[in-house]
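*Asks:*
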Amino acid sequence: MVPSYCVKDLVQSGPLLLGMILLAVVLIAVGLAVRGRRRTAVAASAACLLALLPFTGPDANASANAPQRDCPAGYHYDASKAHKAAGKAPASKPAGPAKSQPAAAPGTGAKAPNNGPVAGGGETGGQTDVQAGAQTDNPAGKPVGGQTGKEGDSPQQPGANPAPATPVDRPAADESWMSVPRTYTLQADGSSGKTLAGDEILNWDIMKKTVRAYYGAGADGVANKTSSPYISEMTALTAQKTPEIAAACKAAVNAGERPAVVLDTDDTTLWTYDMEDSYMHFFFSQAKQDAYFAEHMLPATPGMVQLVQEVRASGCEIIGLTGRKDNEKAHTLENLRVAGYVDAAGNPLFTPDLFFTKFVAGAPLPDYLVAQGRCDTKAGKCTTVQYKAGTREYLRDERGYRIVANIGDQWSDLQGGRADSWIKLPNPSYYLPSPNLDAESKAHDDAAGMDPATVTYTVAADGSTGKAAGVRGDSIPNVDVVKATIRQYYAAHRDDTGKMVANREDSPYIRETKAKHAAAAQDVRGKCAAAAARGEKPAIVLDMDDTALWMYDMEEAMEFNFSPAFQEQYLKTDYHSMPAVPGMVDVVQEARAGGCDFIGLTGRSEDYRDVTLRNLSEAGYPAPTQLFLKASSKREKLPSYVSCEKEKCTTVEFKSSTRRHLENDLGYRIVANFGDQYSDLRGGYADNTYKIPNPTYYLP
């Protein structure tokens, strides 16, 4: 699109034409003088010359006050046109009440305007937790701009790339509210998702960064096997507990008893982290586990080989008690041997007769569990606590063992007693709760601090809490607790095909977004109408993913583990039409009714343009006049109006520069900017900002 301050070169013929006219006038005057009418001729010539002088060159004032800007071939810069394109209201006096604050450094895109009303309220200058969009007419008949990925790193449509313009004189906005909370209190069963606002739920990506930092894992989800907070905590814990357990073993032997130590397997003796994160993406399935076990042997958990060897040497029997199935028993015993659980002579410390696995579905329950009468014998099912506490009871009462220590990474490994002591190992990578045996056992275990119903996490948005000095695994967010909370918020369930999807009729998410957007719709319409009445060119700017289009089902399908290849398959190859974020279509329609244009600004790449426009239409949106997409994260591949401090351009730099371009170069007044990420909103160039809740991913 050719900027309005650029005019065709044909106009430059004006001075030449006027020069020829002046020459003709002079010649006429000379001719008249020759005929004796000198005074009249000279006066006429002077008058003509003075009258035509203003038209023979550019506007002096315009040239002095406006910097030259680049124009496409065949056009030249006209300063007087640039004044009109900048809007009828002076840029130094933004519409609406605004606090005068020091401006940010030029070129950073950080000259933020006032933020919108709280929770969709009305006054400029505060935070607004909602979002809206609007539409703009494009002379080319085609929206501009692109995004592949979660609003972040991808290509953009080529087009006119004007040189960076002089920044709009906006006051710096207070963006201190644009940060995620540090403390979260959640119910361990996930039920907090039914009552909390979306931004009060711990974000999945922040949780994942924190857990990965604890295990020393990189973006590949592979734990550091030599040094990490997890290794430090485990080695310190086992170093402390090993002599205590060994002493208890020796004392029991000296008392003529048969001492034993009972140990769970996964993340108690064998370390499953790489399978959980890198392979399963924290989305467990039996099929995935079977496939992984067929190709891999797990390493030992840090410090546990030494513990098992020493307590065995101190006279205790080593008994394995795992939730793995009977058909996995042989593989598990071999894995334990390979991982180093052998005595000084190389003999396995875990043996088949003292290694208990859980019966497979449809198989009869062990006689001792049937006799205890706690399990559902008709359905052939036992809870984890019924199975494990019942087996410890059997070992104690029928096999004659004195269980001096019971060790596990889950509370359900330990509940129900039947042991002299218990040791809880850290494991934030999953959570396997189970009902206790009975009211008496529950009261006893609750008093001991087992399985608290409410958990409080204090985390930093960058995940650094996971590697803070002295961090403990059970004090950082548990993956499954966060996942369950998010699913409750979206009322997620399995559909007829077995896929996990959001409820599209009713959920805490739907109720929250609809309420906020209903308030935002009227608020934005009024702001659009006020700006239009002042003779400005108002617009609202909308992000796409989880601002305009609701992407939850895709996030579940990719297991909250973003993949560009998966996204391309889901959105393009096997096109899925995503629904509108609840209430957002109404916001856009009200904004348009108030005189605002609807502009899309997304991190999607240019090759997603067609599917994005198609999806917007199918979701009920009017076509955006302009749709800006991101060509790349590399500075040299972005339009010249995008200012980047480094070679790689951040989301904030790309989006704030584009908003600056809309205002400074294209003459818009952005009255509202909507996004589900704070990076959609930071950097200013909008009168009001509206934050949409989204706990499923985090893009700083």
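Residue numbers (our numbering): 2 to 701.
By construction, the Cβ of each residue, glycine as well, lies at the ideal position given by its N, Cα and C atoms.
At the level of alpha carbons, what is the spacing between A301 and Y698?
*Replies:* 32 angstroms
*Asks:* Grouping DSSP H, G and I as helix and E and B as strand, with all else coil, what is E506?
*Replies:* Residue state, collapsed to three classes: coil.
*Asks:* Hey, would you say the C-beta of S435 is under 8 angstroms away from at least one heavy atom of the ligand GDP?
*Replies:* Only the bare structure without any ligand can be found here, which leaves the ligand GDP out of the picture.
*Asks:* Round the Cβ separation of I1 and K242 to the nearest angstrom and send it over; I've been treating them as touching at under 8 angstroms.
*Replies:* This structure gives no information on residue 1, because the portion of the chain shown stretches from 2 to 701.
*Asks:* How would you label N328, buried or exposed, when you count the other beta carbons within 10 angstroms and need 16 or more for buried?
*Replies:* So N328 ends up on the exposed side.
*Asks:* How big is the Cα-Cα spacing for R488 and I246?
*Replies:* 41 angstroms
*Asks:* Measuring straight from C-alpha to C-alpha, what distance separates Q416 and A345?
*Replies:* 33 angstroms
*Asks:* Touching or not, the region 376-386 and the region 347-354, by the rule of three or more beta carbon pairs under 8 angstroms?
*Replies:* no
*Asks:* If you draw a straight line from the C-alpha of A331 to the C-alpha of D354, how long is it?
*Replies:* 12 angstroms
*Asks:* Go ahead and pull the three-state DSSP assignment for M559.
*Replies:* Reduced to three states, the DSSP call for M559 is coil.
*Asks:* Are the beta-carbon atoms of A261 and E318 separated by less than 9 angstroms?
*Replies:* Between A261 and E318, the C-beta gap is smaller than 9 angstroms, which places the two residues in contact.
*Asks:* At what residues does the beta strand (DSSP E) containing R375 begin and finish?
*Replies:* Segment: none, R375 is in no beta strand (DSSP E) and carries neither H nor E.
*Asks:* Taking the alpha carbon of D175 as the point to measure from, which residue in S606, E258, T690 and E664 has its own alpha carbon closest?
*Replies:* When S606, E258, T690 and E664 are compared, the shortest CA-CA separation from D175 is found for T690.
*Asks:* Below 8 angstroms, how does it come out for the region 531-549 and the region 651-671: are there three or more Cβ pairs, yes or no?
*Replies:* yes
*Asks:* Within its chain, find whatever has a CB closer than 6 angstroms to the CB of N204; leave out the 5 residues flanking it on each side and keep chain order.
*Replies:* P696 and Y699
*Asks:* For the alpha helix (DSSP H) containing L197, list its first residue and its last residue.
*Replies:* Per DSSP, L197 belongs to no alpha helix (DSSP H) and is neither H nor E.
*Asks:* Buried or exposed: where does T333 fall if 16 or more other Cβ atoms within 10 Å of its Cβ makes it buried?
*Replies:* buried
*Asks:* Rounded to a whole number of angstroms, what is the C-alpha to C-alpha distance between C597 and V586?
*Replies:* C597 and V586: Cα-Cα distance of roughly 14 angstroms.
*Asks:* Give a yes or no on whether the C-beta atoms belonging to R313 and T266 are separated by under 9 angstroms.
*Replies:* no
*Asks:* Report, in whole angstroms, the separation of the C-beta atoms of N479 and H494, which I expect to be a contact under 8 angstroms.
*Replies:* The pair is not a contact, with the Cβ atoms about 22 angstroms apart (cut-off 8 angstroms).
*Asks:* Where does A301 fall in DSSP's three states?
*Replies:* strand
*Asks:* Hey, could you find the ends of the beta strand (DSSP E) Y185 is sitting in?
*Replies:* T184 to Q188
*Asks:* From what residue to what residue does the alpha helix (DSSP H) around F567 run?
*Replies:* P565 to E569
*Asks:* Sort out for me which residues DSSP pairs H494 with in a bridge.
*Replies:* V502
*Asks:* Compare the C-alpha of M298 against each of L271, D278 and D421 and name the closest.
*Replies:* Of L271, D278 and D421, the smallest CA-CA separation from M298 is found for L271.
*Asks:* Please say whether D547 and D677 have beta carbons closer to each other than 9 angstroms?
*Replies:* A contact, by the Cβ cut-off of 9 angstroms.
*Asks:* For the candidate residues Y402, G401 and V386, whose alpha-carbon lies nearest to that of S442?
*Replies:* V386
*Asks:* Is it buried or exposed, V361, if we count other Cβ atoms within 10 angstroms and call 16 or more buried?
*Replies:* exposed
*Asks:* Do Y686 and L663 have their beta-carbon atoms positioned less than 9 angstroms apart in this structure?
*Replies:* Against a cut-off of 9 angstroms, the Cβ pair of Y686 and L663 comes out as a contact.
*Asks:* Which of helix, strand or coil does DSSP assign to D1?
*Replies:* Because the chain here runs from 2 to 701, residue 1 falls outside it and cannot be looked at.
*Asks:* Just tell me which of Y491, G363 and M235 has its CA closest to the CA of L197.
*Replies:* Y491
*Asks:* With burial defined as no fewer than 16 other Cβ atoms inside 10 Å of the residue's Cβ, what is the status of R183: buried or exposed?
*Replies:* With a threshold of 16 other beta carbon atoms within 10 Å, R183 falls short and is exposed.
*Asks:* Just list the residues that DSSP pairs R403 with in beta bridges.
*Replies:* P260
*Asks:* Work out the CA separation of I404 and G199 for me, nearest whole Å.
*Replies:* Going by the C-alpha atoms only, they are around 46 angstroms apart.
*Asks:* What are the complete alpha helix (DSSP H) segments, minimum 4 residues, inside the region 268-355?
*Replies:* 287-296, 305-314 and 330-339
*Asks:* In terms of DSSP beta bridges, what is D546 paired with?
*Replies:* L550
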